[in-house]
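This note's numbering puts the sequence shown at residues 186 to 323. Here the structure comes first, spelled out in structure tokens, and everything after it is commentary.
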Amino acid sequence: MAEPALEVHRNLWRTKDLALLCGIANAGGGRLVITPEERSRAKGVRKMHRAFEDIPALTLQSFGFSCATEPIMDGAQLCLQVDVPAAPEPLSFEGDYYLYGEGGNELLHGAALDAFLAGDSAEEGKGGPLPPPSRYAG
């Protein structure tokens, strides 16, 4: 199995990060790696355990598919890896469409959203590049 091209790192998990998972799925899938900044190893493990259980249920409820989660080690640091599948069709979160690219999660609107929903992209050779989307600081 090939490694996903997209890998995003975060220091904590918040429910609003479902918009980030939506953007990753719309970008063709990838993985989110959560590395807690907790000084206390026990507190970090407790937070990881909650995210480990919550993320698959939240993605199933929000998107209709479940993201696989697994604990991994990055050196001596315990991390949580979330494998995000590619969305088979444009995916929205709370009525908004997101696309992860160029180092950030982008909220699509206007011409960029229209092009995305129509399936146009520069990589597919359909027209020119997408118009610039707005940035989502999430």
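Here a beta-carbon is modelled for each residue, glycine too, at the ideal position from N, C-alpha and C. Nothing here was measured: the structure is a model prediction, and the numbers come from that model.
Contacts around residue i, its chain only, beta-carbon distance under 8 Å, and the 5 residues preceding and following it disregarded
i: Tyr-321; result: Confidence is the limiting factor: at Tyr-321 the pLDDT is only 43, short of 50, which leaves the residue's position unreliable, though a coordinate-based value still follows. So the qualifying residues of the chain are Ala-204, Gly-208, Tyr-283, Gly-289, Asn-290, Glu-291, Leu-292.
i: Leu-245; result: Ser-251
i: Val-218; result: Glu-192, Val-193, His-194, Arg-195, Ile-257, Asp-259, Cys-264, Leu-265, Gln-266, Val-267
i: Tyr-285; result: Leu-191, Val-193, Leu-205, Gly-208, Ile-209, Asn-211, Ala-212, Gly-215, Glu-291
Contact set for residue i: own chain, Cβ-Cβ below 7 Å, skip 5 residues either direction
i: Thr-220; result: His-194, Asn-196, Asp-259, Gln-262, Cys-264
i: His-257; result: Note on residue identity: the sequence assigns Ile, not His, to residue 257. Contacts found: Cys-264, Gln-266.
i: Leu-276; result: Cys-207, Ala-210, Asn-211, Phe-248
Distance, residue j Cα to residue i Cα
i: Phe-250; j: Pro-241; result: 8 Å
i: Thr-254; j: Glu-222; result: 19 Å
i: Leu-302; j: Phe-237; result: 31 Å
i: Leu-243; j: Phe-278; result: 11 Å
i: Trp-198; j: Ala-190; result: 21 Å
i: Gly-295; j: Asp-202; result: 23 Å
i: Glu-287; j: Asp-239; result: 28 Å
Cβ-based neighbour list, residue i, same chain, cut-off 6 Å, excluding 5 preceding and 5 following
i: Thr-200; result: none
Rounded Cβ spacing between residue i and residue j (contact assumed at less than 8 Å)
i: Asp-281; j: Arg-216; result: The pair is not a contact, with the Cβ atoms about 22 Å apart (cut-off 8 Å).
How about the region 227-243 and the region 271-278: do they share at least three Cβ pairs that are nearer than 8 Å?
no
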